[in-house]
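Just so we're on the same page, the working numbering is the position in the sequence shown counted from 1, plus 1.
Using N, Cα and C, we set each Cβ at its ideal position, and we do this for glycine too.
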Amino acid sequence: LLDSDVNVIILLADWHAWVNDKFDRDMDKISLAADYMEEVFRTLLGNPSEGEGPGQIRFIRASEVMDSGKYWERVLRCSKNMSLSRVRRTFSIMGRSEDSSDHDLSAFYYPALQAADIFELKVDIAFGGMDQRKAHMYMREVADRNGWTKATCIHTPMLSGLKGSGGRMDSFDHKMSKSDPNNAILMHDDLDSLRKKMKKAFLEVGNSSSAVFEMVEYIILPRLGKVNVTPNPKYGEPSEYSDLESFTKAVSDGTVHPLDAKMAVAEGLAEVLSPVSEHFSTRTELMTAINSITGSQ
2 LLDSDVNVII LLADWHAWVN DKFDRDMDKI SLAADYMEEV FRTLLGNPSE
52 GEGPGQIRFI RASEVMDSGK YWERVLRCSK NMSLSRVRRT FSIMGRSEDS
102 SDHDLSAFYY PALQAADIFE LKVDIAFGGM DQRKAHMYMR EVADRNGWTK
152 ATCIHTPMLS GLKGSGGRMD SFDHKMSKSD PNNAILMHDD LDSLRKKMKK
202 AFLEVGNSSS AVFEMVEYII LPRLGKVNVT PNPKYGEPSE YSDLESFTKA
252 VSDGTVHPLD AKMAVAEGLA EVLSPVSEHF STRTELMTAI NSITGSQ
C-alpha cells in the first residue's frame with residue numbers, strides 16, 4: 002500500500018484492547034504494547050516517511066480519536082437500529098463466541114467503536130484479518146443507513162497457532178495469538194527462539210492448513226521466493242522449494258523429514274524477521290518490560 006502511494010494509518014486500539022480484557026485491563030501495559038507495536042511496524046516496513054501525504058504512514062491511538070465529542074456521536078449512530086443478536090454475530094472480532102459476553106455490556110459497544118474508527122478517520126480502505134469480516138460488514142451496513150462513505154475492505158489470512166490447527170477460516174479460536182507466547186511467533190523472535198518454537202510446533206503431514214505450511218505460504222514464499230531445507234548430511238542433501246505444493250508433497254512422501262521442514266521454516270522466518278530482532282536486541286529495557294507482560298522469555 003505504501004508503495005502504491007496510499008497514506009497508511011496504523012490504529013493502535015488501546016481502549017478496544019481494554020474492552021477485550023487484554024493485559025487484565027491495565028492501560029499502562031496496553032500502552033507499553035502499543036509502543037512495541039509502533040517500533041515493530043516502523044522496523045518491518047523499513048522506517049517509512051511519516052505524515053499525511055501519499056506513501057506515508059501515521060500511528061494513531063484510539064484514545065486520541067476518542068477525545069472528540071463527534072466520535073461518540075458516531076458511536077451512538079453506529080449503535081442505533083442494531084439488534085443485540087446482530088451485534089453478537091460480530092464477536093469473532095474479539096476472539097469471543099456469540100454467547101460469551103452477556104455479563105459485559107462494554108463488549109456490545111465494540112463493533113460500534115470499530116465502525117466509528119473507520120468513519121472518524123475517513124478511511125477509504127479498511128485493512129484487517131479475516132476475523133474482521135463481520136465487523137466490516139456491520140460498518141458497511143451503518144454507512145448505507147447514514148449515507149457515509151463506505152470503505153473498501155481488504156482481509157488477510159489468519160495464521161494458526163503452533164500447537165495445532167482447527168478449521169481454518171471457519172473459527173478463529175485456533176488463530177495464532179500473542180496471549181500464549183509459546184503458541185505464537187513473536188515479531189522479535191531470533192533464530193534460536195524460532196528453532197525452539199518450531200521444534201515443538203504441530204505439523205500435520207499432508208495438511209497445508211497446518212501452521213508450519215501456512216507460514217511457508219503466507220510469509221516465506223512471498224518474501225523470499227523459496228524455502229531451503231538443510232538436513233544433517235548423514236540423512237540427506239540440501240533441497241529448495243519454490244511453491245507450497247511441492248514442499249508439502251516432499252514432507253508427505255518422506256523426501257523431507259518433518260523436523261527438517263520445521264527447521265527450514267524457522268530459518269526462513271528468522272531471515273524475514275531479522276530487521277526486527279536486530280532492532281530489539283538493543284532495546285533491552287523495552288524488551289524486559291514486554292517479556293514481563295507477555296510471559297515470554
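Closer than 7 angstroms: residue i CB and nearest the ligand COA heavy atom
{"i": "V143", "result": "Absent from the structure shown: the ligand COA. Ligands present: none."}
Burial state of residue i (16 or more Cβ within 10 Å)
{"i": "R146", "result": "exposed"}
{"i": "K123", "result": "exposed"}
{"i": "L12", "result": "buried"}
{"i": "H189", "result": "buried"}
{"i": "M170", "result": "Confidence at M170 is low in this model, with a pLDDT of 38, below 50, so its placement is unreliable and the value that follows should be read with caution. Exposed, because fewer than 16 other Cβ atoms sit within 10 Å of the Cβ of M170."}
{"i": "R75", "result": "buried"}
{"i": "L2", "result": "exposed"}
{"i": "E51", "result": "exposed"}
{"i": "S282", "result": "exposed"}
{"i": "T249", "result": "buried"}
{"i": "E215", "result": "buried"}
{"i": "Y236", "result": "exposed"}
{"i": "V20", "result": "buried"}
{"i": "K81", "result": "exposed"}
{"i": "N184", "result": "buried"}
{"i": "A14", "result": "buried"}
Where the beta strand (DSSP E) through residue i begins and ends
{"i": "S69", "result": "That residue, S69, is in no beta strand (DSSP E); it is neither H nor E in DSSP."}
{"i": "R62", "result": "58-62"}
{"i": "L12", "result": "9-13"}
{"i": "Y242", "result": "240-242"}
{"i": "V230", "result": "228-230"}
{"i": "F128", "result": "126-130"}
Nearest neighbour of residue i, chosen from the options [CA to CA]
{"i": "M140", "options": "M38, A202, D118", "result": "D118"}
{"i": "T136", "options": "Y111, K227, D125, G148", "result": "According to the sequence as given, residue 136 is Ala; it is not Thr. Residue Y111 is the option with its Cα nearest to A136."}
{"i": "I155", "options": "W73, G255, F128", "result": "F128"}
{"i": "M264", "options": "A202, D254, S293, D244", "result": "A202"}
{"i": "D261", "options": "G237, P232, S253", "result": "P232"}
{"i": "D6", "options": "Q57, N21, R89, L274", "result": "Q57"}
{"i": "L274", "options": "K250, T295, T283, D191", "result": "D191"}
{"i": "N8", "options": "E53, P49, L46, E39", "result": "E53"}
{"i": "E268", "options": "D4, N292, T289, R224", "result": "R224"}
{"i": "Q133", "options": "A144, Q115, M67, P49", "result": "Q115"}
{"i": "A290", "options": "D29, T157, P239, E238", "result": "D29"}
{"i": "T91", "options": "E142, N48, G296, S69", "result": "E142"}
{"i": "G226", "options": "N48, D4, S243, V41", "result": "S243"}
{"i": "K200", "options": "S253, A144, D105, H258", "result": "H258"}
{"i": "R59", "options": "A144, F42, K71", "result": "F42"}
{"i": "V88", "options": "E40, P49, M138", "result": "M138"}
{"i": "L106", "options": "D22, D193, D4", "result": "D22"}
{"i": "G47", "options": "A144, N292, D4", "result": "D4"}
Beta-carbon spacing of residue i, residue j below 8 angstroms
{"i": "L222", "j": "V230", "result": "no"}
{"i": "A18", "j": "I10", "result": "no"}
{"i": "V217", "j": "V266", "result": "yes"}
{"i": "F120", "j": "W73", "result": "no"}
{"i": "R62", "j": "A34", "result": "no"}
{"i": "Y37", "j": "L245", "result": "no"}
{"i": "A113", "j": "C79", "result": "yes"}
{"i": "L163", "j": "K198", "result": "yes"}
8 angstroms contact criterion, which residue i and residue j should meet: CB distance rounded
{"i": "I126", "j": "A152", "result": "6 angstroms"}
{"i": "L195", "j": "A271", "result": "5 angstroms"}
{"i": "M159", "j": "G130", "result": "5 angstroms"}
{"i": "V213", "j": "T44", "result": "With a Cβ gap of about 25 angstroms, V213 and T44 do not count as contacting."}
{"i": "S210", "j": "S161", "result": "7 angstroms"}
{"i": "W16", "j": "S86", "result": "The Cβ separation is near 25 angstroms, so there is no contact."}
{"i": "F24", "j": "I294", "result": "6 angstroms"}
{"i": "E40", "j": "H280", "result": "7 angstroms"}
Residue i: first and last residue of the uninterrupted alpha helix (DSSP H) it sits in
{"i": "E268", "result": "259-281"}
{"i": "I291", "result": "285-295"}
{"i": "T249", "result": "245-253"}
{"i": "H137", "result": "134-147"}
{"i": "F109", "result": "106-121"}
{"i": "A300", "result": "The structure shown does not extend to residue 300, since the chain spans only 2 to 298, so no value can be given for it."}
{"i": "A34", "result": "28-45"}
{"i": "E215", "result": "212-216"}
{"i": "S194", "result": "192-201"}
{"i": "L222", "result": "222-225"}
{"i": "V88", "result": "85-89"}
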